[in-house]
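In numbering that gives the first Met the number 0, the protein residues as written are 0 to 198. Here a beta-carbon is modelled for each residue, glycine too, at the ideal position from N, C-alpha and C. Just below is one structure, and these are the notes that go with it.
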Amino acid sequence: MPAPALLRHAPLLLLALLLSGCGINNIPSYDEQVKSAWAQVENQYQRRADLIPNLVETAKGAAQIEQNTLQGVIEARAQATQVKLSTDDLSDPAKVQQFQQAQGAVSSSLGRLLVSVERYPDLKSQARFADLMTQLEGTENRINISIQDYNKSVQDFNTTIRTFPDIIGAKIVHGAKPMEQFRAVTPNANVAPKVDFGQ
0 MPAPALLRHA
10 PLLLLALLLS
20 GCGINNIPSY
30 DEQVKSAWAQ
40 VENQYQRRAD
50 LIPNLVETAK
60 GAAQIEQNTL
70 QGVIEARAQA
80 TQVKLSTDDL
90 SDPAKVQQFQ
100 QAQGAVSSSL
110 GRLLVSVERY
120 PDLKSQARFA
130 DLMTQLEGTE
140 NRINISIQDY
150 NKSVQDFNTT
160 IRTFPDIIGA
170 KIVHGAKPME
180 QFRAVTPNAN
190 VAPKVDFGQ
């Protein structure tokens with residue numbers, strides 16, 4: 000290219016060079032990673048929700064577990080399945096917190112159920128119940144791993160849209176907003192439930 004033609008196109012070349020380093024392609028990639036990670040969180044919560052009816056029915060049929068404990072699990076599951084959180088809502092703190100609270104209520108009610116089950120050794124020794132408990136434990140582990148993966152994806156996304164030069168593409172081209180990380184919102188989530196066999 001002759002020098003005069005190069006000078007004429009220099010502003011376009013400079014603009015292309017600047018835009019190539021400002022996150023135009025990075026932002027959608029990180030956004031898709033967050034959405035994929037969120038889908039895994041939802042999948043694991045759905046798996047847990049699907050296990051709960053079988054767990055409750057098995058417990059109901061094998062022991063006279065307190066009805067209010069079983070009812071609490073059923074109601075918490077029903078409420079949690081009503082709270083939907085789309086990937087577009089991941090930047091809305093109120094909607095994320097509502098979802099977290101609904102899932103926390105399920106975890107809390109399951110914890111009360113498991114404490115009640117401790118009083119029924121016959122139930123714990125049944126193969127069906129033991130299998131469901133193993134599946135539930137595995138699902139809880141998968142939920143935790145999925146949440147860790149999601150939070151890491153959100154951290155990468157949020158860091159990218161807040162740092163130079165990617166912030167240029169994030170604000171001007173994509174209008175990207177920070178996404179919310181998933182946090183424990185269950186009261187005293189860091190305290191193990193107390194088991195009292197003296198009752």
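Legend entry - Contact under 7 Å by Cβ, Thr-138 with Arg-47: The count along the sequence shown starts at 1 and reaches residue 138 at position 139. The count along the sequence shown starts at 1 and reaches residue 47 at position 48. It is a contact, given that the beta carbons lie within the stated cut-off.
Legend entry - Same chain, Cβ closer than 7 Å to Arg-82, neighbours up to 5 away in sequence not counted: Here the question's residue 82 lines up with position 83 in the sequence shown. It should be noted that the sequence gives Val, not Arg, for residue 82. Here the set comprises Gln-97, Phe-98, Ala-101.
Inset, instruction - Look at Ser-108 and Ala-75 and say whether their C-beta atoms are less than 7 Å apart. - result: Position 109 of the sequence shown, counted from the first residue, corresponds to residue 108. Position 76 of the sequence shown, counted from the first residue, corresponds to residue 75. Result yes, Cβ atoms of Ser-108 and Ala-75 sit closer than 7 Å.
Legend entry - C-alpha distance - Pro-192 paired with Glu-117, whole-angstrom precision: Position 193 of the sequence shown, counting from 1, holds the residue named residue 192. Position 118 of the sequence shown, counting from 1, holds the residue named residue 117. Low per-residue confidence applies at Pro-192: pLDDT is 45, beneath 50, and the placement is therefore not dependable, though the value from the model is reported in the following sentence. Each residue's alpha carbon lies about 12 Å from the other.
Inset, instruction - Over the uninterrupted alpha helix (DSSP H) stretch that includes Leu-109, give me the two end residues. - result: Here residue 109 is taken as the residue at index 110 of the sequence shown, counted from 1. Leu-109 -> alpha helix (DSSP H) spans 92-116.
Inset, instruction - Provide the residue span of the alpha helix (DSSP H) that contains Asp-130, from first to last. - result: In the sequence shown, counting from the first residue as 1, residue 130 sits at position 131. Taken as a continuous stretch (DSSP letters only), the alpha helix (DSSP H) holding Asp-130 covers 126-161.
Inset, instruction - Check Gln-81 in the structure and name its three-state DSSP category. - result: On the sequence shown, position 82 is the one that residue 81 refers to. DSSP, read as helix, strand or coil, puts Gln-81 in helix.
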